[in-house]
Amino acid sequence: MRLLRRKIVNAVMLGLTALCALFAVGVLMFILGYLAVHGARSLNLNFFTKLPAPVGETGGGMANAILGSAKLLLLATAVGVPIGFLGGVFLAEFASSGFASVVRYVTDLLNGVPSIVMGIFAYTLVVLPQKHFSTLAGGLVLGIMMIPIAVRSSEEFLRGVPLALREGAMALGASKSRSIFTVVIPAAKNGIIAGIMLNIARVAGETAPLIFTAFGNQFWSPGWEQPTASLPVMIYNYAVAPYDDWHQQAWSAGFVLLMLVLSVNIITRVAFTTRGPALR
Amino acid sequence: MAATIAPTTSSARPAGPRKLLQRLRSGDDAAYVVTLAAAVTVLVITALLIFELYKNSALPRQKFGWSFLTSSAWDPVAGEFGALPFIYGTVVTSALALLIAIPLGVGAAIFLAELAPPWISGVLTFLIELLAAVPSVIIGLLGIFVMIPILTSVAPSIQAALGWSPAFSGPFYGVSLFTAGVVLSVMIIPFIISISREVILTVPNDQREAALALGATRWETTWDAVVPFAKKGIAGSIFLALARALGETMAVTMVVGNDPKIHASLMAPGYSIAAVIANQFTEATGELYLSSLIELGLVLFGLTIVINGGARLLVMSTERGEG
Amino acid sequence: MTRRILNPILGIAFLAGTVSAQQVLINGAGATFPYPMYSKWFNEYHQKNPSIQINYQSQGSGAGIQQVTAGTVDFGASDGPMNDQQLQEFKDKHNGAGILHFPTVLGAAVPAYNLPGLTAPLNFTSEALAGIFLGTVKKWNDPAIANANPGVKLPAADIIVVHRSDGSGTTYCWTDYLSKVNKEWESKVGRATSVQWPVGLGGKGNEGVAGQIKQLRNSIGYIELIYAVQNKMEYGKVKNAAGDFVLADLASVTAAAGSVKDMPDDFRVSITNPPGKGAYPISTFTWLLIPQKIPDAAKKKALTDFLRWMLTTGQTQTEALDYASLPKAVVTKEEKAIAKIQ
Numbered sequence: 446m447r448l449l450r451r452k453i454v455n456a457v458m459l460g461l462t463a464l465c466a467l468f469a470v471g472v473l474m475f476i477l478g479y480l481a482v483h484g485a486r487s488l489n490l491n492f493f494t495k496l497p498a499p500v501g502e503t504g505g506g507m508a509n510a511i512l513g514s515a516k517l518l519l520l521a522t523a524v525g526v527p528i529g530f531l532g533g534v535f536l537a538e539f540a541s542s543g544f545a546s547v548v549r550y551v552t553d554l555l556n557g558v559p560s561i562v563m564g565i566f567a568y569t570l571v572v573l574p575q576k577h578f579s580t581l582a583g584g585l586v587l588g589i590m591m592i593p594i595a596v597r598s599s600e601e602f603l604r605g606v607p608l609a610l611r612e613g614a615m616a617l618g619a620s621k622s623r624s625i626f627t628v629v630i631p632a633a634k635n636g637i638i639a640g641i642m643l644n645i646a647r648v649a650g651e652t653a654p655l656i657f658t659a660f661g662n663q664f665w666s667p668g669w670e671q672p673t674a675s676l677p678v679m680i681y682n683y684a685v686a687p688y689d690d691w692h693q694q695a696w697s698a699g700f701v702l703l704m705l706v707l708s709v710n711i712i713t714r715v716a717f718t719t720r721g722p723a724l725r
Numbered sequence: 650m651a652a653t654i655a656p657t658t659s660s661a662r663p664a665g666p667r668k669l670l671q672r673l674r675s676g677d678d679a680a681y682v683v684t685l686a687a688a689v690t691v692l693v694i695t696a697l698l699i700f701e702l703y704k705n706s707a708l709p710r711q712k713f714g715w716s717f718l719t720s721s722a723w724d725p726v727a728g729e730f731g732a733l734p735f736i737y738g739t740v741v742t743s744a745l746a747l748l749i750a751i752p753l754g755v756g757a758a759i760f761l762a763e764l765a766p767p768w769i770s771g772v773l774t775f776l777i778e779l780l781a782a783v784p785s786v787i788i789g790l791l792g793i794f795v796m797i798p799i800l801t802s803v804a805p806s807i808q809a810a811l812g813w814s815p816a817f818s819g820p821f822y823g824v825s826l827f828t829a830g831v832v833l834s835v836m837i838i839p840f841i842i843s844i845s846r847e848v849i850l851t852v853p854n855d856q857r858e859a860a861l862a863l864g865a866t867r868w869e870t871t872w873d874a875v876v877p878f879a880k881k882g883i884a885g886s887i888f889l890a891l892a893r894a895l896g897e898t899m900a901v902t903m904v905v906g907n908d909p910k911i912h913a914s915l916m917a918p919g920y921s922i923a924a925v926i927a928n929q930f931t932e933a934t935g936e937l938y939l940s941s942l943i944e945l946g947l948v949l950f951g952l953t954i955v956i957n958g959g960a961r962l963l964v965m966s967t968e969r970g971e972g
Numbered sequence: 366m367t368r369r370i371l372n373p374i375l376g377i378a379f380l381a382g383t384v385s386a387q388q389v390l391i392n393g394a395g396a397t398f399p400y401p402m403y404s405k406w407f408n409e410y411h412q413k414n415p416s417i418q419i420n421y422q423s424q425g426s427g428a429g430i431q432q433v434t435a436g437t438v439d440f441g442a443s444d445g446p447m448n449d450q451q452l453q454e455f456k457d458k459h460n461g462a463g464i465l466h467f468p469t470v471l472g473a474a475v476p477a478y479n480l481p482g483l484t485a486p487l488n489f490t491s492e493a494l495a496g497i498f499l500g501t502v503k504k505w506n507d508p509a510i511a512n513a514n515p516g517v518k519l520p521a522a523d524i525i526v527v528h529r530s531d532g533s534g535t536t537y538c539w540t541d542y543l544s545k546v547n548k549e550w551e552s553k554v555g556r557a558t559s560v561q562w563p564v565g566l567g568g569k570g571n572e573g574v575a576g577q578i579k580q581l582r583n584s585i586g587y588i589e590l591i592y593a594v595q596n597k598m599e600y601g602k603v604k605n606a607a608g609d610f611v612l613a614d615l616a617s618v619t620a621a622a623g624s625v626k627d628m629p630d631d632f633r634v635s636i637t638n639p640p641g642k643g644a645y646p647i648s649t650f651t652w653l654l655i656p657q658k659i660p661d662a663a664k665k666k667a668l669t670d671f672l673r674w675m676l677t678t679g680q681t682q683t684e685a686l687d688y689a690s691l692p693k694a695v696v697t698k699e700e701k702a703i704a705k706i707q
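Protein chains in written order, with the working numbering: chain X, 446 to 725; chain H, 650 to 972; chain E, 366 to 707.
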């Protein structure tokens, strides 16, 4: 009797959780589908190779925005991931519990800052003293936004590595830092990479902070000291314009941004992760 | 009980000058210093941020003092500003988003990590993580074009069932706190799912095997043996999600109605701190107006401190209860 | 393996760092309303002068003023003129050198609504509009509206008001007009890019307001003329100071600018509720904000040349994008003012 009840509960919960997952995926598929239908429609080679054209003229593209976003994300990752990751290592491996709590708490606070406030912050810190907008400022602010997630997710996955592995390394004579970098971190690789991917994906779509730092540019942006166009800002500008033609381009840009993140995701996973969960 | 406590002591340290060289070469201290520097950088950046917010909001703090937090005025022409409606909107939309996203997210994570075949799990997880990449602006647009019409058609039935309560009363114009909460939940679900799933996957197999050996069903194994292990990590993912919800700007501002008033009903329009800053910062003229918006940023910081602190206490107390 | 990935990335990054020697790069920020026009102009100008790149970003009139005052951009743009306090602030930050206003095109705010079944645009008096937005005129069949529209069947439904939630030059224009024609509005609400609205829902940007109006039956809101035209929305006629009900279009908007009696030398003027016949009463200039002293000679030449081009060739391109061009008298006056830039 009890067994039957337990079996029913088992089946029901399996169904419910499956529904949850299906719902989440369903929403996503809907968004992707919508984006694909509306965005892929007017996607052509011009989009990837030409500069933006003014209203009413066809044949324009967002080549400068694509390159701009790539540059910004590169800088952001270079700034945010090392600091975040090493911070996570600190929390998981070296910190005393009191100090760790403080750092964790502050990291969560930083995570909760609205992106627009981050933008204003970077503006007062970098743009005003330099007296101009730049790709550098934009990459910096995105990098700072990446730090909290990098810290927390790295820490979570490093903590997940079992004691047995650490002790094994040390029993073989490795110093603490050696065992961390050669045994623990590789064991937590999958989760850490997943965290980084999620992170890059999130900042790739950020608009507000870029408005005050990278500014925007109709033309190509040489180097790192000039304002630059970026996909999210273009999307925002075009989505709120009165012209249908520009709305189309906004959807296309949204679709391209998604595909960009998708490719980064795929490439990194193929290059860096092992098949399946690390410890089963 | 937990097999994943981080190690607390380092290996025994040799003494003397030659051993000092050995110590340096072993890299332990270097590693400590470098990682400490990274952690401190986070503290420094946050401190700098708070300092900037504090400094640039001096004018309204002098003028309004604490009444800024309790006032409902928002009159740029007369120069009267108050934060209460925005605090209300931020808290309500975030709470609603969590209410929707946590059960769905954790449920989905459990399914993907424990109950689904690995190839399905891999594909679905990959797709769900892509959701985090959809720009906020696009989600806002979809909120307007898709979510609002759906909710507008569903609203009469919701109100028929729940209209007696003040939370669901009043006319529904499409844009509302409720709409914003739903849109926010869509944005934070990928964080909960992705991180919870990975955390559940790291729970060692012996836990599962032990439970199964004792005759537990798959669900019982998952719920009673695996998930409690992953609880801390799942809580961590919820904190991340909460932080995102509090600070989300673009998508919210497109569907929340942008009405700086407090209504009891969720179906009424509202406003959030991030949304009003985004809406009005670039057009704000005058020191008082601009710095009031910055003070709102400071208030959000304070809000985050309080909410995070409270949630942390909650988690700690439940942990203490379990032992 | 990582090196194989890293090298091409670094190569691209390096290439991305090259700057052509003779390029003149000018940055400007400001109003969103004229953004489509400016983007066309700057693009055209670049085609004709490939070494000059004028990069304009629409961040809002307020941002335009903020940025040009801070010196992070070379020029600004605004739908509302800078007030005396802002002019002084600019002078303080630039060693006493001032900033000049140059009108470029004209815009208008129109009352757009969602009332199915109408065959012609509704007529609105200034009392009706003020009443609706103050919340004193609550229903569509209120006499304030009905009396101006004899023979039109108006529903007995509540009016749903939609306004801008973000700060904007359009709001400034709308509230400026209401303040001029209605004492209650002036004392209760006032004129600004962002006000405390007595009633109504807030939409973000013109598209937000337009979207709301389209979705809500019996709603009314104010949007830019271009949005109304491009989105094929119904909007009403407004009674002007001369007593005619005028529908906003390019001709009536230009007429509003033309009927201003005394154009001040600094071009900072409000043209709402002008005296002229056939003038649309809720119109506005939009201005480029150019610093009086530009130290960089190449930038100065580029900007002054552009202004001359804008006043001649540029003005011929406005109609295609639904912008009203400047009246002749204003153009002549501006051409003389360009000499003030040093």
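We treat Cβ as the ideally placed atom computed from N, Cα and C, and that holds for glycine.
Based on the DSSP secondary-structure assignment, which residues constitute the bridge partners of glutamate 729 of chain H?
On the second sequence, residue 729 of chain H is found 80 positions in, with the first residue counted as 1. Glutamate 729 of chain H is bridged to H:Asp724.
Relative to the C-alpha of threonine 397 of chain E, which candidate in E:Gly570, E:His411 and E:Asn460 has its C-alpha closest?
As a working mapping, residue 397 of chain E is identified with position 32 in the third sequence. Selected option, being the one with the closest Cα: E:Gly570.
Which same chain residues, not among the five before or five after arginine 432 of chain X, have their C-beta less than 7 Å away from its C-beta?
No information on residue 432 of chain X is available, as it lies outside the stretch 446 to 725 that chain X covers here.
For chain X, check one thing: does any of its Cβ atoms lie closer than 9 Å to the Cβ of threonine 383 of chain E?
Numbered from its first residue, the third sequence carries residue 383 of chain E at position 18. Low per-residue confidence applies at threonine 383 of chain E: pLDDT is 47, beneath 50, and the placement is therefore not dependable, though the value from the model is reported in the following sentence. Yes, threonine 383 of chain E counts as interfacial toward chain X.
Contact criterion: CB-CB distance below 9 Å. Does valine 438 of chain E meet it with respect to chain X?
Position 73 of the third sequence, counted from the start, is the residue given in the question as residue 438 of chain E. Yes - at least one Cβ of chain X is within 9 Å of the one on valine 438 of chain E.
Quick one, are the C-beta atoms of isoleucine 589 of chain X and methionine 615 of chain X less than 9 Å apart?
As a working note, residue 589 of chain X is residue 144 in the first sequence. As a working note, residue 615 of chain X is residue 170 in the first sequence. For isoleucine 589 of chain X and methionine 615 of chain X, no; Cβs fall outside 9 Å.
Interface flag, threonine 739 of chain H vs chain E, CB-CB below 9 Å
If you number the second sequence from 1, residue 739 of chain H lands on position 90. Chain E, which has no Cβ nearer than 9 Å to the Cβ of threonine 739 of chain H, makes this no.
Per DSSP, what are the beta-bridge partners of proline 476 of chain E in this structure?
Locating residue 476 of chain E in the third sequence gives position 111, counting from the first residue. Paired residues: E:Tyr587.
Exposure of asparagine 455 of chain X, with buried meaning 16 or more beta-carbon neighbours within 10 Å
Start at 1 with the first residue of the first sequence, and residue 455 of chain X comes out as number 10. So asparagine 455 of chain X counts as buried.
Per-residue burial, tryptophan 715 of chain H [other beta carbons within 10 Å of its own, 16 or more giving buried]:
In the second sequence, the residue the question calls residue 715 of chain H occupies position 66. When all chains shown are included, tryptophan 715 of chain H counts as exposed.
Suppose you measure from the CA of valine 682 of chain H to the CA of isoleucine 911 of chain H; what does that come to, to the nearest Å?
Taking the first residue of the second sequence as position 1, residue 682 of chain H is located at position 33. Taking the first residue of the second sequence as position 1, residue 911 of chain H is located at position 262. About 49 Å.
When you compare the CB of valine 500 of chain X with every CB in chain E, is at least one pair closer than 9 Å?
Indexing the first sequence from 1 puts residue 500 of chain X at position 55. Chain E contact via Cβ: present.
Can you look up leucine 729 of chain X in the DSSP assignment and give me helix, strand or coil?
Only positions 446 to 725 of chain X appear in the structure, and residue 729 of chain X is not among them; the question remains open.
For glutamate 778 of chain H and serine 843 of chain H, I'd like the C-alpha separation in whole angstroms.
For the purposes of this step, residue 778 of chain H is taken as residue 129 along the second sequence, with counting starting at 1. For the purposes of this step, residue 843 of chain H is taken as residue 194 along the second sequence, with counting starting at 1. Straight-line Cα distance between these residues: approximately 7 Å.
Alpha-carbon to alpha-carbon, leucine 705 of chain X and leucine 464 of chain X
Position 19 of the first sequence, counting from 1, holds the residue named residue 464 of chain X. Position 260 of the first sequence, counting from 1, holds the residue named residue 705 of chain X. Cα to Cα, the separation comes out at about 29 Å.
Per DSSP, which residues does proline 656 of chain E bridge with? Please list them.
Taking the third sequence and counting its residues from 1, the one referred to as residue 656 of chain E is at position 291. Note: proline 656 of chain E sits in a beta bridge opposite E:Ile464.
What residues in the stretch 404-437 of chain E bring their beta carbon closer than 9 Å to a beta carbon of chain X?
Ser404, Lys405, Trp406, Phe407, Asn408, Glu409, His411, Gln418, Ile419, Asn420, Tyr421, Gln422, Ser423, Gln424, Ala428, Gln432, Ala435, Gly436 and Thr437
Entirely enclosed alpha helix (DSSP H) segments - the stretch 726-805 of chain H, minimum 4 residues:
733-759, 767-780 and 785-791
Alpha carbon to alpha carbon, how far is valine 852 of chain H from proline 722 of chain X? Give it in angstroms, no decimals.
On the first sequence, residue 722 of chain X is found 277 positions in, with the first residue counted as 1. On the second sequence, residue 852 of chain H is found 203 positions in, with the first residue counted as 1. Note that proline 722 of chain X has pLDDT 46, beneath the 50 cutoff, so the model's placement of it is unreliable and the number below is only indicative. Going from the Cα of proline 722 of chain X to the Cα of valine 852 of chain H covers about 11 Å.
Closer than 8 Å is the cut-off here; do at least three beta carbon pairs connect the stretch 641-655 of chain X with the stretch 611-627 of chain X?
The stretch 641-655 of chain X and the stretch 611-627 of chain X do not touch, with fewer than 3 CB-CB distances between them shorter than 8 Å.
Could you tell me which whole alpha helix (DSSP H) segments of length 4 or greater appear in the stretch 593-675 of chain X?
608-616, 621-624, 634-649 and 653-656
For leucine 942 of chain H and leucine 895 of chain H, believed in contact at Cβ under 8 Å, the rounded distance
The residue labelled residue 895 of chain H in the question sits at position 246 within the second sequence. The residue labelled residue 942 of chain H in the question sits at position 293 within the second sequence. Going by Cβ atoms, the distance from leucine 895 of chain H to leucine 942 of chain H rounds to 17 Å, so no, they are not a contact pair.
8 Å Cβ cut-off: residues of chain X touching phenylalanine 930 of chain H:
Counting from 1 along the second sequence, the entry for residue 930 of chain H is found at position 281. Residues of chain X passing the Cβ test: Ile561 and Ile565.
Specify, as a first and last residue, the run of the alpha helix (DSSP H) that glutamine 418 of chain E falls within.
Numbered from its first residue, the third sequence carries residue 418 of chain E at position 53. Premise fails: glutamine 418 of chain E lies in the beta strand (DSSP E), 417-423, not in any alpha helix (DSSP H).
Could you give the C-beta distance for valine 833 of chain H and threonine 742 of chain H, rounded to a whole number, given that I count them as a contact under 8 Å?
The count along the second sequence starts at 1 and reaches residue 833 of chain H at position 184. The count along the second sequence starts at 1 and reaches residue 742 of chain H at position 93. Note on identity: in this sequence residue 833 of chain H is leucine, with valine being the wrong assignment. About 6 Å; that satisfies the 8 Å criterion.
Between the stretch 612-627 of chain X and chain H, which residues of the former have a C-beta closer than 8 Å to a C-beta of the latter?
Glu612, Met615, Ser620, Lys621, Ser622, Arg623, Ile625 and Phe626
Return the residues of the stretch 895-913 of chain H that lie within a Cβ-Cβ distance of less than 8 Å from chain X, sorted by chain order.
Leu895, Gly896, Glu897, Thr898 and Met899
Closest by CA to glutamine 453 of chain E, which one among E:Ala704, E:Asp661 and E:Ile464?
Residue numbering aside, residue 453 of chain E sits at position 88 when the third sequence is read from its first letter. Looking at the Cα atoms, E:Ile464 is the closest of the given residues.
Judging by CA-CA distance, which residue of X:Met446, X:Lys452, X:Ile712 and X:Ala481 is the nearest neighbour of leucine 791 of chain H?
By one-based count along the second sequence, residue 791 of chain H stands at place 142. Answer by Cα proximity: X:Ala481.
Quick one: grab the DSSP three-state call for alanine 442 of chain E.
The residue labelled residue 442 of chain E in the question sits at position 77 within the third sequence. Note: alanine 442 of chain E maps to strand in three-state DSSP.
Closer than 9 Å, CB to CB, is lysine 576 of chain X near chain E or not?
Taking the first sequence and counting its residues from 1, the one referred to as residue 576 of chain X is at position 131. Yes, lysine 576 of chain X counts as interfacial toward chain E.
What did DSSP end up calling glycine 972 of chain H once you bin it into helix, strand or coil?
Locating residue 972 of chain H in the second sequence gives position 323, counting from the first residue. Per-residue confidence for glycine 972 of chain H stands at a pLDDT of 42, beneath the threshold of 50, marking its modelled position as unreliable; no derived number is given.
Nearest candidate by alpha-carbon position, reference isoleucine 841 of chain H, set H:Leu952, H:Val795, H:Val691 and H:Ile749:
Within the second sequence, numbered from 1, the residue matching residue 841 of chain H stands at position 192. Closest by alpha carbon: H:Ile749.
What whole-angstrom Cβ distance do threonine 871 of chain H and glutamate 763 of chain H have, given they're in contact under 8 Å?
Residue numbering aside, residue 871 of chain H sits at position 222 when the second sequence is read from its first letter. Residue numbering aside, residue 763 of chain H sits at position 114 when the second sequence is read from its first letter. At roughly 5 Å, the Cβ-Cβ gap stays under 8 Å, so threonine 871 of chain H and glutamate 763 of chain H are in contact.
Cβ-based neighbour list, tyrosine 421 of chain E, same chain, cut-off 6 Å, excluding 5 preceding and 5 following:
Position 56 of the third sequence, counted from the first residue, corresponds to residue 421 of chain E. Cβ-Cβ distances below 6 Å link tyrosine 421 of chain E to Gly393, Tyr403 and Phe407 in the same chain, with the five nearest sequence neighbours on each side left out; the list follows chain order.
Give me the chain H residues within the contact set of tyrosine 688 of chain X, using Cβ-Cβ distance strictly less than 7 Å, ordered along the chain.
Stepping through the first sequence from its first residue, residue 688 of chain X is reached at position 243. Correct list: empty, because the minimum Cβ distance to chain H is about 15 Å.
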